[in-house]
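Heads up: the sequence shown runs through residues 1 to 433, numbered per the UniProt record's numbering.
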Amino acid sequence: MGNEIHMLKKMVGASSKDATLKTVVKLILGSDWNDEVKLKLSDLKLSLSDNSVVSILSEFCKYPFKALEFFYWVQESQDFKHSAVTYNGIVWVLGKEESIEKFWILVKEMKSLGYDIDLETYRKVAKEFFVNQLVRSNKLIKDAVDLYELMMDSPYKPPIEYCSKLLRKISLLETPDLSLVDRVIKKSNEARDSFSKTEYDMVHRSFINAGKFDEAEKVLETMRNAGYAPDNFTLCQIVFGLFKAGKVEEACNKFDEMEAQGCVPDLRTRATLIQGLCSAGEVDKALACLMKTQKTYSGSVSEVVKLLVDHLCPNDKADIAYAFVVKMAEKTDFRPSRFTYETLIKKLLEEGKLEEAFNLLGMVINDSSQPILRPFISYISEKGTVDSAQESSHLSCVCNVQRFVMVRRLTLLNLTMKDNSSGSIYAYVPYPS
C-alpha cells in the first residue's frame, strides 16, 4: 500500500511539473519577449533541472531566438548554472539557417567552459544541414565543414558516413570549393585511419554525377598522391559520366589516356564505352572498340554484346541495340549469343517493331542456327486478331519467304484454332506461293 501511495504522489508531481512547463512555453510563445513575460515567468517560482530546461528548449525548435532568450533568462534570473546538457540543448535549437550566427556564438561559449557538442546533438544538427537542405551555398557548406572539423577534434568523432555526406554536399554545389574537400579529407585522415580507396571513389563519383569533371580530375590527383591508382571502377565512372554529359570525344580520349597509363579496362568498362558510343550514334566507333576488345579479351565479344543489349533494352533503346547488332553482322564475323538474340527480339516485339524482329530471326536462320521461336509464339498468341493477322500479311511482302513460312508454321502449330468469326489468324494468313 505504501508503494502505491508513493507512486501516486510521484505521478501527481510529474503531472504538475508538466503543466508548469507547458505554462512556460505558452507564455513565451504567446507574445514577444519583454519585461512582462519575464515577470510572469518569475511569478511561477520555477524549480528547474537540466532535463526540464532542455525539455522547454526543445519546444522552441521552430523559434530559435525565443529559445535563446529563455536560455539566458534562467541563467540570469534563476541563478541556474548551465551544463553540457543544456548547452547541447540550445545548440541543437540554434543549428538552423536563420540563427547560424548565434549558433557559433554559443558553440564558442560552451567550448570556453570546457563543454563539447555530443554526438547526438551533432546528428540532429547534421540532419538539419543534410536532410532538410540547409546547406545550399558555399557560406553554409563552410559552416558544415567548420562543425565537422570541430567534432573531429573532440572526444565525439562522427562516423565516416557524415564525412561522405558532407563531401557529397560539396560536390552538388554549383561552384564547389575544392579547398573544403581538402579540409574534410585532411581532418578525417588526421583523426582516424587514412581515407580508403572506396571513400575516394565516392567523392570522385559525386563530382562526376554532378557534371563537375575538372573537380573530379583534381580528386583523382589527390587520390594518386595518397597511393591509390585509378582502377576500372574509376575509369568506368568517368566514361559513363562524360557520355551522360554528351562529351563523347572527351570520354574516348580519357579511356585511351588511362589505358596508356596502365589501367587496363575490363569487359564491363569496355561495354560502358561501347554503350555510350552507340547511344551517341557512333556505331562505327563502337564496332572498332568491339574489335579491340576481341584482341585484348579473346572470345569475350558475345559477353560485351550481352552487356550492351541488357543495358539498352530496359532503357527503351532497343532500336540502338538492333542497329549495332545488324551492323556488327554486316561488317564482322561476330555474332551475339542465342540468349542475347532472344532478349533483343523479345524487346523489339514488345515495342511493336515486327520487321526488325523478323530481320533478327532471319540472321539467326542464316547462321544455320535453330530459329528462336518462343518470342514470336508469345507475340502471335497475344496479338492473334484480325488486325495483327493483316499486319503479318503485310510484313510478308517485306520479309523473305523463309521467314514468312516460319511464322506461318508457328501460327499453325502453336495457336489453338479459333472460330473464323472471332478473328482467327488461321483464316487470314495465306499460304505462300
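Even glycine gets a Cβ: it sits at the ideal position worked out from N, Cα and C.
Rounded to whole angstroms, how far is the Cβ of residue i from the Cβ of residue j, which I believe are closer than 8 Å?
i           : j    : result
I170        : D177 : 7 Å
A286        : F243 : With 8 Å as the limit, A286 and F243 do not qualify as a contact, their Cβ atoms being about 11 Å apart.
V125        : W92  : 6 Å
K346        : P371 : Incorrect: roughly 14 Å between the Cβ atoms, too far for contact.
residue 435 : L94  : Since the first residue shown for the chain is 1 and the last is 433, residue 435 is missing from the structure and cannot be characterised.
Y122        : M151 : 5 Å
N315        : T269 : Going by Cβ atoms, the distance from N315 to T269 rounds to 19 Å, so no, they are not a contact pair.
E149        : K187 : 5 Å
G165        : A191 : Per the sequence shown, the amino acid found at residue 165 is Lys instead of Gly. Wrong, their Cβ atoms sit about 17 Å apart, outside the cutoff.
C278        : I238 : Not really, about 18 Å apart at Cβ, beyond 8 Å.
DSSP on residue i, reduced to helix/strand/coil?
i    : result
I117 : coil
P265 : coil
N88  : helix
L48  : coil
E79  : Looking at the sequence itself, residue 79 is Asp, so the reference to Glu does not match. Coil at D79, not helix or strand.
A210 : coil
Y426 : Because the pLDDT at Y426 is just 33, under 50, the model does not fix this residue reliably, and the point stays unresolved.
A229 : coil
N34  : coil
P155 : coil
P314 : helix
P336 : coil
V401 : With a pLDDT of only 42 at V401, under the threshold of 50, the placement of this residue in the model should not be trusted; the figure read from the coordinates follows. Residue state, collapsed to three classes: helix.
C61  : coil
A280 : coil
L21  : helix
S196 : coil
T272 : helix
T222 : helix
T175 : coil
K96  : coil
E350 : helix
S300 : coil
Considering residue i, what are the terminal residues of the alpha helix (DSSP H) in which it resides?
i    : result
F324 : A318 to K331
G241 : N232 to K244
S369 : No alpha helix (DSSP H) contains S369, which DSSP labels as neither H nor E.
C252 : V248 to A260
S171 : I160 to L172
A191 : L178 to A191
A288 : V283 to T296
K108 : I100 to S112
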